[in-house]
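K.L.:
Numbering (the numbering used here), first residue to last: 44 to 158.
Here's a structure for you.
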């Protein structure tokens, strides 16, 4: 309802008020996204931190995740089926997450990387 009112009523209000309303909508949207945890302030990993785990390629998925967790316990490890789940990924860069890509057979198919 509000969006319909806003779009239809835009012609009747002045340009400064129109700009103010659009800016308020953008700010409200950004605040809502931040509240949901989708907007993150990226913090870079330490210089000596591991950023990829090539030794896990060919391993079973669960032991590979355990190896990554053992080497970097502060990271969140996410397992995805490759290539089926890759199309549904968001493209946000997170330095607190590692994606482990496993094939249909449960074996790591792609080098897990930070991000």
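Every residue, glycine too, gets a C-beta built ideally from N, C-alpha and C.
Remember, it's a predicted structure, so these values are computed and weren't measured experimentally.
Which residues in the same chain as residue 151 place their Cβ atom closer than 8 Å to its Cβ, once the five residues preceding and following it in sequence are excluded?
P.N.:
Within the chain shown, the letter at position 108 stands for residue 151. Around residue 151: 99, 100, 101, 102, 103, 104, 107, 143, 144 and 145.
K.L.:
Output the boundary residues of the alpha helix (DSSP H) element that contains residue 106.
P.N.:
Within the chain shown, numbered from 1, the residue matching residue 106 stands at position 63. Looking at the DSSP string, the run of the alpha helix (DSSP H) that includes residue 106 is 104–114.
K.L.:
Count the other C-beta atoms from every protein chain shown that fall within 10 angstroms of the C-beta of residue 126, then say buried if there are 16 or more, exposed otherwise.
P.N.:
If you number the chain shown from 1, residue 126 lands on position 83. Classification of residue 126: exposed, given that the 10 Å Cβ count is below 16.
K.L.:
Please classify residue 155 as buried or exposed, where buried requires at least 16 neighbouring CB atoms within 10 angstroms.
P.N.:
Here the question's residue 155 lines up with position 112 in the chain shown. Classification of residue 155: buried, given that the 10 Å Cβ count is 16 or more.
K.L.:
Considering Cα atoms alone, identify which of 128, 124, 74 and 158 is closest to residue 118.
P.N.:
Walking along the chain shown from the start, residue 118 turns up at place 75. Looking at the Cα atoms, 158 is the closest of the given residues.
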